[in-house]
Amino acid sequence: MPIATINPATGETVKTFTPATDEEVDAAIARAYARFQDYRHNTTFAQRAGWANATADLLEKEADETAALMTLEMGKTLASAKAEVLKCAKGFRFYADNAERLLADEPADAAKVGATKAYTRYQPLGVVLAVMPWNFPLWQAVRFAAPALMAGNVGILKHASNVPQCALYLADVIARGGFPEGCFQTLLVASSAVETILRDPRVAAATLTGSEPAGQSVAAIAGDEIKPTVLELGGSDPFIVMPSANLDEAVKTAVTARTQNNGQSCIAAKRFIAHADIYERFVDKFVEAVAALKVGDPTDPDTDVGPLATESGRDEVAKQVEDAAAAGAVIRCGGQRLDRPGWYYPPTVVTDITKDMALYSEEVFGPVASVYRAGDIDEAIEIANATTFGLGSNAWTNDEAEQQRFIDDIEAGQVFINGMTVSHPELPFGGVKRSGYGRELAGLGIREFCNAKTVWIGSADTGSSAGGKKVE
1 MPIATINPAT GETVKTFTPA TDEEVDAAIA RAYARFQDYR HNTTFAQRAG WANATADLLE
61 KEADETAALM TLEMGKTLAS AKAEVLKCAK GFRFYADNAE RLLADEPADA AKVGATKAYT
121 RYQPLGVVLA VMPWNFPLWQ AVRFAAPALM AGNVGILKHA SNVPQCALYL ADVIARGGFP
181 EGCFQTLLVA SSAVETILRD PRVAAATLTG SEPAGQSVAA IAGDEIKPTV LELGGSDPFI
241 VMPSANLDEA VKTAVTARTQ NNGQSCIAAK RFIAHADIYE RFVDKFVEAV AALKVGDPTD
301 PDTDVGPLAT ESGRDEVAKQ VEDAAAAGAV IRCGGQRLDR PGWYYPPTVV TDITKDMALY
361 SEEVFGPVAS VYRAGDIDEA IEIANATTFG LGSNAWTNDE AEQQRFIDDI EAGQVFINGM
421 TVSHPELPFG GVKRSGYGRE LAGLGIREFC NAKTVWIGSA DTGSSAGGKK VE
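In terms of full-length UniProt numbering, the sequence shown is residues 1 to 472.
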């Protein structure tokens, strides 16, 4: 894929970029490595917080212009793009306010380990490579950048090839916020360059948000090099509706949960599981609401769903729906490519899906909802877990016993009861199964790229070690 801005609303190539040379890549790594040696030792949490807050100020001030850039490059509506920019500012502020507390030394019971003092200290690892996707071009990178920089790490960003201007903007705004040169750099390179960067001994770790194949590749390379990674991969999140739920609220949220970001979100609800007692009512209301959505120019404030980000992505979604229909699935609304310039696909609802259809098990990265009928809570959980993914999940019920069943038994990194899965700086974010491993955000996220160093201090008089006993 060329490194270029291609407007998905028109298919027009707006601007192309020349990939960085091998020499430029090496110079960037050298710059990052040298900066880390100084940055980790000679900056304080207070200084970093000041730079993080200044970066947040710039993001807020430039939100309209930056939103327009995101809409141009990947097609999200202006309203959702601006919300993303402001969320990035919130992320920087969260870690500015909380990093020192989250990384404070954790005392242990010194007497029990035969020490005069014992604790855990969190120290930064070094240069971290971030490989990021296009669907949330700023937020997904900031989920890494804000905690990493506040912890004392430095970052190199390899962004998706179709959002180069967003990638360059992020490095620029962080620099203008005051972070020293080399703390965060964007490299415009092809995916083939990732291995060389990750194998460089000056690079300490990597984080990736993206597809399973990309995650497998980065994990394999990092494993070979024995370097830590965080992976946030695909999702096929369930959205369960039980008889006790507020049906109108569930339907309203379901529409947003499936079509947010034009249906291109890892944590978008994709499989809707309705209890048999309310299945027909749910489907009728859901189809009516989805069919009423306006598809169009993402710069138009009246547009609900804009184009998909890439032509290949639109074609893949269309093929998944067409194959299911050919195998007997029922298309309740949508399901036909739109005859217009750009990479649009209509919001679509599909029912009567069977296990032998690819749509049953594959992630659909577009505004397509699959609806299933469950006879009871056991079957609802069985359907919810019948996927290789385990990122987010939603369950709608006012029955406390059912709520606990869903919390305990759904195989996912996140369970939202009577609400829509959303990432928050205050809560850990990540998945299980083939949705990846590790966590972003909250305290867990800032510690992912830290060395949890055990510190044990004995008496200078006795020189004791673990109370005088040699143990391991």
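Note that beta-carbon positions come from the ideal geometry of N, C-alpha and C, so glycine has one too. Fair warning: this is a prediction, and the values are worked out from it, not measured in the lab.
Tell me which same chain residues have a C-beta within less than 6 Å of the C-beta of residue i, skipping the five on either side of it?
i: Gly467; result: A caution first: Gly467 carries a pLDDT of 48, below 50, which makes its placement in the model unreliable, though a value can still be read off. Closer than 6 Å at Cβ, skipping near neighbours: Gly114.
i: Met1; result: Ser161
i: Gly431; result: Gly390, Leu391 and Gly413
i: residue 477; result: Missing from the structure shown is residue 477; the chain here goes from 1 to 472 and no further.
i: Ser393; result: Asp237, Pro238, Ile410, Ala412 and Val415
Could you pull out every residue in the same chain whose Cβ sits closer than 8 Å to the Cβ of residue i, ignoring the five residues on either side in sequence?
i: Ala358; result: Gln320, Asp323 and Ala324
i: Val283; result: Ala274, Arg332, Val349, Thr351 and Val371
i: Gly11; result: Glu311, Pro341, Gly342 and Trp343
i: Met70; result: Lys76, Ala81, Glu84, Val85, Pro137, Leu138, Val163 and Cys166
Closest to residue i by C-alpha separation, out of the options, would be which residue?
i: Leu107; options: Phe94, Pro238, Arg121 and Lys252; result: Reading off the sequence, residue 107 comes out as Pro, not Leu. With distances taken between Cα atoms, Pro107 lies closest to Arg121.
i: Ala130; options: Asn98, Ala146, Ala118 and Pro307; result: Ala146
i: Asp224; options: Ser236, Asp200, Ala326 and Pro238; result: Asp200
i: Thr299; options: Leu78, Thr21 and Gly152; result: Leu78
i: Lys15; options: Thr21, Gly436 and Thr5; result: Thr5
i: Val371; options: Pro341, Trp343, Ile278 and Val422; result: Ile278
i: Leu59; options: Arg31, Thr13 and Leu170; result: Leu170
i: Met132; options: Pro301, Gly126 and Thr186; result: Thr186
i: Phe286; options: Gly419, Ala28 and Lys252; result: Lys252
i: Ala380; options: Met242, Ala257 and Phe144; result: Met242
i: Thr209; options: Glu249, Asn153 and Trp134; result: Trp134
i: Arg281; options: Arg314, Asn246 and Asn261; result: Asn246
i: Ala369; options: Ile353, Ile417 and Ala68; result: Ile353
i: Phe36; options: Trp456, Ala151 and Lys227; result: Ala151
i: Asp248; options: Glu288, Ala27, Val330 and His41; result: Glu288
Please check the pair residue i and residue j, which I expect to be a contact at CB under 8 Å, by giving their CB distance rounded to whole angstroms.
i: Pro137; j: Val163; result: 4 Å
i: Val194; j: Val230; result: About 15 Å; that fails the 8 Å criterion.
i: Leu233; j: Ser211; result: 7 Å
i: Glu400; j: Ile377; result: At roughly 13 Å, the Cβ-Cβ gap does not stay under 8 Å, so Glu400 and Ile377 are not in contact.
i: Val154; j: Val127; result: 6 Å
i: Asn451; j: Gln140; result: Between Gln140 and Asn451 the Cβ distance is about 25 Å, and since that is not below 8 Å, they are no contact.
i: Ala28; j: Ile156; result: 6 Å
Which of the three DSSP states, helix, strand or coil, is assigned to residue i?
i: Phe45; result: helix
i: Cys266; result: coil
i: Leu208; result: strand
i: Tyr344; result: coil
i: Phe184; result: strand
i: Val471; result: Low confidence applies to Val471: its pLDDT is 46, below 50, so where it sits in the model is not reliable enough to give any reading.
i: Ser423; result: coil
i: Met1; result: coil
i: Lys15; result: strand
i: Ser192; result: helix
i: Ile377; result: helix
i: Ala466; result: The predicted position of Ala466 is uncertain, since its pLDDT is 49 and thus under 50; a value taken from the coordinates is nonetheless stated next. In this structure, Ala466 counts as coil in the three-state DSSP scheme.
i: Arg337; result: coil
i: Ala291; result: helix
i: Gly445; result: helix
i: Ile407; result: helix
i: Ile278; result: coil
i: Ile197; result: helix
i: Gly223; result: helix
i: Ile353; result: coil
i: Thr397; result: coil
i: Val163; result: coil
Can you give me the C-alpha to C-alpha distance between residue i and residue j, rounded to a whole angstrom?
i: Pro346; j: Arg405; result: 35 Å
i: Cys166; j: Ala318; result: 28 Å
i: Thr303; j: Gly296; result: 6 Å
i: Gly328; j: Lys294; result: 28 Å
i: Ile221; j: Gly215; result: 10 Å
i: Ala9; j: Ala254; result: 25 Å
i: residue 527; j: Phe365; result: As shown, the chain starts at 1 and ends at 472. That puts residue 527 outside it, with no answer to give.
i: Thr259; j: Thr66; result: 22 Å
i: Phe429; j: Ser423; result: 6 Å
i: Arg180; j: Thr55; result: According to the sequence provided, residue 180 is Pro. The question's Arg does not apply to it. Approximately 12 Å between the Cα atoms of the pair.
i: Gly263; j: Gly335; result: 14 Å
i: Thr397; j: Tyr95; result: 34 Å
i: Ile3; j: Thr21; result: 13 Å
i: Gly182; j: Ala395; result: 44 Å
i: Asp461; j: Lys117; result: 14 Å
i: Lys87; j: Gly443; result: 18 Å
i: Val305; j: Ala30; result: 43 Å
Beta-carbon within less than 7 Å of residue i's beta-carbon, same chain only, minus the 5 sequence neighbours each way: which residues are those?
i: Thr207; result: Val128, Ala130, Phe144, Thr229 and Val230
i: Gln47; result: none
i: Ala63; result: Lys82, Val85 and Leu86
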